[in-house]
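In our numbering, the protein residues as written are 1008 to 1101.
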């Protein structure tokens, strides 16, 4: 069957706190995590506000481990990091 053609898209908020480069973003518990150029950031999905902006990691890719709320990050220079993320902070574990 054909999809419903009557659906409507409505903008909830707009932000300049996170600007995509070439990577994807991670959604976890009402927040979006990802790279804003060379900074790793957290944005609240309720209002688009920036929760934090972490130190420079360089460009990279990130994968969310859903069960633990941790992020595995591979930086452009080849370093792999394990990061514990929450709306309050990011904490590098190793």
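Backbone N, C-alpha and C fix where the C-beta goes; we use that ideal spot for every residue, glycine too. Just so we're clear, the structure is a prediction, and the values are computed from it rather than from any experiment.
Of the residues assessed, residue 1041 falls on the buried side of the cut-off, its CB having 16 or more other CB atoms within 10 angstroms. A distance below 8 Å separates the beta carbons of residue 1097 and residue 1059. Residue 1057 carries a strand assignment under DSSP once its states are collapsed to helix, strand and coil. With contacts defined as CB atoms closer than 8 Å, residue 1087 and residue 1079 qualify as a contacting pair.
Within the same chain, no Cβ atom closer than 6 Å to the Cβ of residue 1072 is found once the five residues on either side in sequence are excluded.
At a Cβ-Cβ threshold of 8 Å, residue 1054 and residue 1020 count as neighbours. In terms of Cβ geometry, residue 1101 and residue 1083 do not form a close pair [threshold 8 Å].
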